[in-house]
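Enquirer: Encoded as structure tokens, here's the structure I'll be asking about.
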Amino acid sequence: MMQSSSFYGAPARGLMALSTISPAIILLGIKGIGPDVAFCSEIQFRCFCIATGLVSGFLLPWIAIHLWCPNAVQKTLENVTVTEGGDHMIVYSVAVVLPLWAGETGNDAELLATGCAFLLVWFLIASSNLHHANLYLRLRGYRFFAACPSEQHTAAFADSFLILARRNIGGHANILFCSVLDGKLLVLREN
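First residue of the sequence shown: 1168, per my numbering; consecutive thereafter.
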């Protein structure tokens, strides 16, 4: 497995996974908690969830694109076949919304169970390269592509890469200039 020498390592991947589930955290804050929860008040819970969701949903991806990306290791991909990775968004949508549908927050035990469901989803997102699928990046026009080696150059690649790009790069590409955010997550350089 390729190791990245960029800033963007395991802690940042965890934060970006938190950013990915931020809409669900905001919705949980809007949903609120029941009167039988003892460790915090309704207003504290709502404020914490909504603030955490907003900060992680918009500030963290902004930092990744505007601060980490310009200083990241540069990588050139040659002779790759690029396909749009829209299937990630379907998995992401189901994984983020699912814990909220059955999650109750009426008492401490139900809130703990819902929190554990969120931790599970967060772990799955962080460990399965879905940490790039968040609302801010979609609003900024980033699309997700998978770059696989062309048949004649398979020895040059150990695996495929995920690329965030603001323009359509689907099809065959002779050369792509990217910034490495993670071992397998790249951002297409726009200049």
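Cβ atoms here follow ideal geometry from the backbone N, Cα and C, with glycine treated the same way.
Remember, it's a predicted structure, so these values are computed and weren't measured experimentally.
Drop a sphere of 10 angstroms on the beta-carbon of THR1281, count the other beta-carbons inside from all chains shown, and report buried for 16 or more, exposed for fewer.
Expert: buried
Enquirer: Specify the secondary structure class of SER1327 as computed by DSSP and reduced to three states.
Expert: DSSP places SER1327 outside both helix and strand once states are collapsed to three, so it counts as coil.
Enquirer: Just verifying my parser: in three-state terms, what is the DSSP assignment at MET1168?
Expert: Low per-residue confidence applies at MET1168: pLDDT is 38, beneath 50, and the placement is therefore not dependable, though the value from the model is reported in the following sentence. Coil at MET1168, not helix or strand.
Enquirer: Can you give me the Cβ contacts of LEU1195 inside the same chain, cut-off strictly under 6 Å, excluding the 5 residues immediately before and after it?
Expert: CYS1216
Enquirer: Less than 7 Å separating the beta-carbons of LEU1297 and PRO1190?
Expert: no
Enquirer: At which residues does the alpha helix (DSSP H) containing VAL1288 begin and terminate?
Expert: Looking at the DSSP string, the run of the alpha helix (DSSP H) that includes VAL1288 is 1275-1294.
Enquirer: Could you give the DSSP three-state label for GLU1271: helix, strand or coil?
Expert: coil
Enquirer: What number of angstroms, rounded off, separates the C-alpha of PHE1285 from the C-alpha of ASN1335?
Expert: 33 Å
Enquirer: How about GLY1224 and SER1186: are their beta carbons less than 7 Å apart?
Expert: yes
Enquirer: In three-state terms, what does DSSP make of HIS1320?
Expert: The predicted model places HIS1320 with a pLDDT of 47, which falls under 50 and marks its position as unreliable; any figure quoted below should be read in that light. Three-state result, HIS1320: helix.
Enquirer: Answer with buried or exposed for ALA1313, where buried requires no fewer than 16 other C-beta atoms within 10 angstroms of its C-beta.
Expert: buried
Enquirer: Which residue spans inside the stretch 1181-1263 form an unbroken alpha helix (DSSP H) run of at least 4?
Expert: 1189-1198, 1209-1221 and 1227-1230
Enquirer: Give the C-beta separation of GLU1245 and ILE1330 to the nearest angstrom, bearing in mind that I take them to be a contact with Cβ-Cβ under 8 Å.
Expert: Between ILE1330 and GLU1245 the Cβ distance is about 14 Å, and since that is not below 8 Å, they are no contact.
Enquirer: CA-CA distance, LEU1234 and ASP1203?
Expert: 43 Å
Enquirer: Quick check: what's the CA-CA separation for TRP1289 versus PHE1344?
Expert: 30 Å
Enquirer: Just to confirm, are VAL1249 and GLY1337 a CB contact at a threshold of 7 Å?
Expert: Note that the C-beta distance between VAL1249 and GLY1337 is below 7 Å.
Enquirer: Can you tell me which of LEU1291, ILE1192 and LEU1227 puts its alpha carbon nearest to the alpha carbon of ARG1213?
Expert: ILE1192
Enquirer: Name the one or two DSSP bridge partners that HIS1339 has.
Expert: When beta bridges are read from the DSSP output, HIS1339 appears opposite THR1248.
Enquirer: Would you report the Cα separation of TRP1229 and CYS1236, rounded to the nearest angstrom?
Expert: 10 Å
Enquirer: Hey, how far is the Cα of GLU1271 from the Cα of GLN1241?
Expert: 45 Å
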